[in-house]
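Chemist: To start, I am sharing the structure in question, which I have written as structure tokens.
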Amino acid sequence: MKRFLFMLLCLPLLATAQNDPAYLAGAVPEINGKVVFSKEFNAPGLSQQQIYDAVLSWAKSRFDEGNNRVLYTNAEKGEIACGGEEYLVFAKTALSLDRSLANYRLTVECEPGKCLAEVTGIRYTYNVSYQNEPEKYAAEEWIVDKYALNKDKTKLAQGAGKFRSKTIDLVNGLFSDIQGALGGAALAGNQTAQAAPVAPAVSPAPVAQAAPAVAVPVETGVQTQAAVLVPATPANGMPGYKSISPDKIPGNIIKLLRDDWMLITAGNDQQFNMMTAGWGGLGMMFGKPVAFCFIAPTRFTYQLMEKNDTYTLSFYTEAYRDALKICGSKTGKSADKVKETGLTPITTPAGSKAFSEAWMIIECRKTVAQSITPEAITNAALKEEWSTKQLYKMFVGEIVNVWVK
Numbered sequence: 040m041k042r043f044l045f046m047l048l049c050l051p052l053l054a055t056a057q058n059d060p061a062y063l064a065g066a067v068p069e070i071n072g073k074v075v076f077s078k079e080f081n082a083p084g085l086s087q088q089q090i091y092d093a094v095l096s097w098a099k100s101r102f103d104e105g106n107n108r109v110l111y112t113n114a115e116k117g118e119i120a121c122g123g124e125e126y127l128v129f130a131k132t133a134l135s136l137d138r139s140l141a142n143y144r145l146t147v148e149c150e151p152g153k154c155l156a157e158v159t160g161i162r163y164t165y166n167v168s169y170q171n172e173p174e175k176y177a178a179e180e181w182i183v184d185k186y187a188l189n190k191d192k193t194k195l196a197q198g199a200g201k202f203r204s205k206t207i208d209l210v211n212g213l214f215s216d217i218q219g220a221l222g223g224a225a226l227a228g229n230q231t232a233q234a235a236p237v238a239p240a241v242s243p244a245p246v247a248q249a250a251p252a253v254a255v256p257v258e259t260g261v262q263t264q265a266a267v268l269v270p271a272t273p274a275n276g277m278p279g280y281k282s283i284s285p286d287k288i289p290g291n292i293i294k295l296l297r298d299d300w301m302l303i304t305a306g307n308d309q310q311f312n313m314m315t316a317g318w319g320g321l322g323m324m325f326g327k328p329v330a331f332c333f334i335a336p337t338r339f340t341y342q343l344m345e346k347n348d349t350y351t352l353s354f355y356t357e358a359y360r361d362a363l364k365i366c367g368s369k370t371g372k373s374a375d376k377v378k379e380t381g382l383t384p385i386t387t388p389a390g391s392k393a394f395s396e397a398w399m400i401i402e403c404r405k406t407v408a409q410s411i412t413p414e415a416i417t418n419a420a421l422k423e424e425w426s427t428k429q430l431y432k433m434f435v436g437e438i439v440n441v442w443v444k
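Take 40 as the starting number for the sequence shown in my numbering and just add one per residue.
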């Protein structure tokens with residue numbers, strides 16, 4: 040019913056895109072039920088490092104404001120991951136503005152002479168005038184052929200069609216920018232090669248003139264799964280994630296906890312629960328990389344943390360703010376938070392629980408569990424403030440796995 044009302048009251052302006060083949064059947068590719076836009080770029084003559092440097096330079100300038108950020112980089116493996124957030128503008132007049140906030144992930148895998156770019160994890164937050172709460176959609180339930188095209192797949196559907204066309208435009212723009220970055224790198228490399236002096240050989244021989252390197256985009260519908268690094272193996276890894284070492288964790292942990300929050304998830308396939316948290320941190324203890332968090336004994340998650348050896352800390356983009364609010368305001372004793380949030384539970388190779396919507400998952404093995412008492416607080420003002428409050432227990436865990444999308 041909600042979808043029906045939405046489509047009736049929010050008619051799109053699709054005059055030019057309605058019958059454009061670029062937006063019709065097959066324009067939004069699906070792999071294993073997920074929307075995955077991918078494109079392979081050939082850049083003959085460029086090394087992996089040259090391609091990586093060119094794409095990273097572009098990414099740092101493209102994803103540098105608000106919630107846009109470069110999430111992960113690995114020069115040795117040629118890997119780059121970015122989180123994007125921007126508005127899709129459907130119609131704009133002096134009196135009204137029809138737009139939706141779109142969140143997505145961009146990953147680029149660089150190799151000698153080529154790179155593969157993918158855009159996944161697309162979600163929308165759309166403010167509808169007749170509702171107090173915004174509509175939230177994942178690309179898989181909104182812009183695929185089933186929902187965004189008419190029955191004959193000859194026209195864009197009302198409502199979802201404008202999201203589909205604008206998303207395709209956004210992705211094409213990203214891929215065009217990457218192509219331009221590689222083309223610039225190829226041109227610069229060719230000019231450098233031509234300008235370099237060549238010492239004459241004792242017995243000169245004819246040398247064939249190399250053709251200028253040009254970045255040529257090649258469309259591909261194949262999604263490549265990155266190999267999972269230690270300690271997980273490709274056979275039991277985390278589909279859709281890359282494993283990184285703890286010293287490569289991206290972002291500022293203070294900002295992540297203060298502004299973005301995280302979910303602490305404890306338990307196993309038989310029973311688990313998650314709660315939102317803003318207290319914690321990263322560091323070193325006993326010569327190991329660790330993460331620490333704090334849980335009140337009254338929380339349902341506390342019981343599961345006490346019973347299990349491992350747990351996860353997971354991080355999300357702004358699109359999941361409402362889900363994290365639910366996890367922080369309701370108890371797993373009486374509420375089905377998975378159902379209410381719409382988050383998708385997944386299990387790590389070690390048996391811990393997390394959610395596939397997270398852009399980063401840190402898995403920990405408990406090392407220290409220490410209750411915080413009023414006597415332990417040395418700041419007088421804080422001691423007085425917390426003298427009548429429920430204090431927390433600190434859990435310190437060795438970081439055994441880190442996964443990022």
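Think of the CB as a built atom: it goes at the ideal place given N, C-alpha and C, for glycine as much as any other residue. No experiment lies behind these values; they were computed from the predicted model shown.
Cutting at 8 Å between CB atoms, please list the residues of its own chain near T231, excluding the five before and the five after it.
Modeler: Residue 231 sits at position 192 when you count from the first residue of the sequence shown. In this prediction, T231 has a pLDDT of 47, which is less than 50 and means its spatial position is unreliable; nothing more can be read from the coordinates.
Chemist: Measure the C-alpha to C-alpha separation of F429 and A335 and round it to an integer number of angstroms.
Modeler: As a first step, residue 429 is located in the sequence shown; it is residue number 390 there, counting from the start. As a first step, residue 335 is located in the sequence shown; it is residue number 296 there, counting from the start. Correcting the residue type first, residue 429 is Gln in the shown sequence and not Phe. When rounded, the distance between both Cα atoms is 7 Å.
Chemist: Output needed for E424: all residues of its chain with C-beta closer than 6 Å, excluding positions within five of it in sequence on either side, in chain order.
Modeler: One-based indexing of the sequence shown puts residue 424 at position 385. Cβ within range, chain order: n/a, list empty.
Chemist: Name, in chain order, the residues that DSSP records as bridge partners for A141.
Modeler: Start at 1 with the first residue of the sequence shown, and residue 141 comes out as number 102. E125 and Y163.
Chemist: What are the start and end residues of the beta strand (DSSP E) that includes Q409?
Modeler: Here residue 409 is taken as the residue at index 370 of the sequence shown, counted from 1. Segment M399 to S410, the beta strand (DSSP E) holding Q409.
Chemist: Please state whether the Cβ-Cβ distance between L95 and V443 is less than 8 Å.
Modeler: Numbered from its first residue, the sequence shown carries residue 95 at position 56. Numbered from its first residue, the sequence shown carries residue 443 at position 404. Cβ distance not < 8 Å, so L95 and V443 don't count as in contact.
Chemist: Would you grab the beta carbon distance between V441 and T406 for me? Rounded to a whole angstrom, and I think it's under 8 Å.
Modeler: As a position in the sequence shown, residue 441 is number 402, starting the count at 1. As a position in the sequence shown, residue 406 is number 367, starting the count at 1. With a Cβ gap of about 16 Å, V441 and T406 do not count as contacting.
Chemist: Look at the Cβ atom of P173, then the Cβ atom of T159, and state whether they are nearer than 8 Å.
Modeler: Looking up residue 173 in the sequence shown gives position 134. Looking up residue 159 in the sequence shown gives position 120. No, they are not a contact pair.
Chemist: Using only alpha-carbon positions, find the residue among W181, T112, F202 and K78 that is nearest to R138.
Modeler: Here residue 138 is taken as the residue at index 99 of the sequence shown, counted from 1. Closest by alpha carbon: F202.
Chemist: At the level of alpha carbons, what is the spacing between A220 and N211?
Modeler: Counting from 1 along the sequence shown, the entry for residue 220 is found at position 181. Counting from 1 along the sequence shown, the entry for residue 211 is found at position 172. Looking at the two C-alpha atoms, the distance is approximately 14 Å.
Chemist: Which residues does DSSP pair with Y359 in a beta bridge?
Modeler: Walking along the sequence shown from the start, residue 359 turns up at place 320. Paired residues: none, contrary to the question.
Chemist: Which first and last residues belong to the beta strand (DSSP E) in which A316 is found?
Modeler: Working through the sequence shown from its first residue, we reach residue 316 at position 277. First-last of the beta strand (DSSP E) with A316: F311 to A316.
Chemist: Which residues bound the beta strand (DSSP E) around E437?
Modeler: Within the sequence shown, the letter at position 398 stands for residue 437. Element bounds for E437: K432 to V443.
Chemist: Report back the beta-carbon spacing between Q352 and I303 to the nearest angstrom; my notes put them in contact at under 8 Å.
Modeler: If you number the sequence shown from 1, residue 352 lands on position 313. If you number the sequence shown from 1, residue 303 lands on position 264. Going by the sequence as given, residue 352 is Leu instead of Gln. Contact between L352 and I303 holds: CB atoms are separated by about 6 Å, below the 8 Å threshold.
Chemist: Less than 8 Å between the C-beta atoms of V4 and I438, yes or no?
Modeler: This structure cannot speak to residue 4, because the chain is shown only from 40 to 444.
Chemist: Evaluate K392 with the Cβ neighbour count: other Cβ atoms within 10 Å of its Cβ, from every protein chain shown; 16 or more gives buried, anything less gives exposed.
Modeler: For the purposes of this step, residue 392 is taken as the residue at position 353 of the sequence shown. So K392 ends up on the buried side.
Chemist: Cα separation between S426 and T387?
Modeler: Numbered from its first residue, the sequence shown carries residue 426 at position 387. Numbered from its first residue, the sequence shown carries residue 387 at position 348. One C-alpha to the other measures close to 39 Å.
Chemist: Near L363, which residues of its chain fall below 6 Å by C-beta distance, leaving aside the five closest residues on each side in sequence?
Modeler: Residue 363 sits at position 324 when you count from the first residue of the sequence shown. Here the set comprises W300 and T315.
Chemist: Roughly how many whole angstroms lie between the Cα atoms of P413 and L296?
Modeler: What you label residue 413 is simply residue 374 of the sequence shown in a count that begins at 1. What you label residue 296 is simply residue 257 of the sequence shown in a count that begins at 1. Computed Cα separation, rounded: 24 Å.
Chemist: Using a Cβ-Cβ distance cut-off of 8 Å, determine whether F394 contacts chain B.
Modeler: The chain inventory of the structure shown lacks chain B, comprising one protein chain alone.
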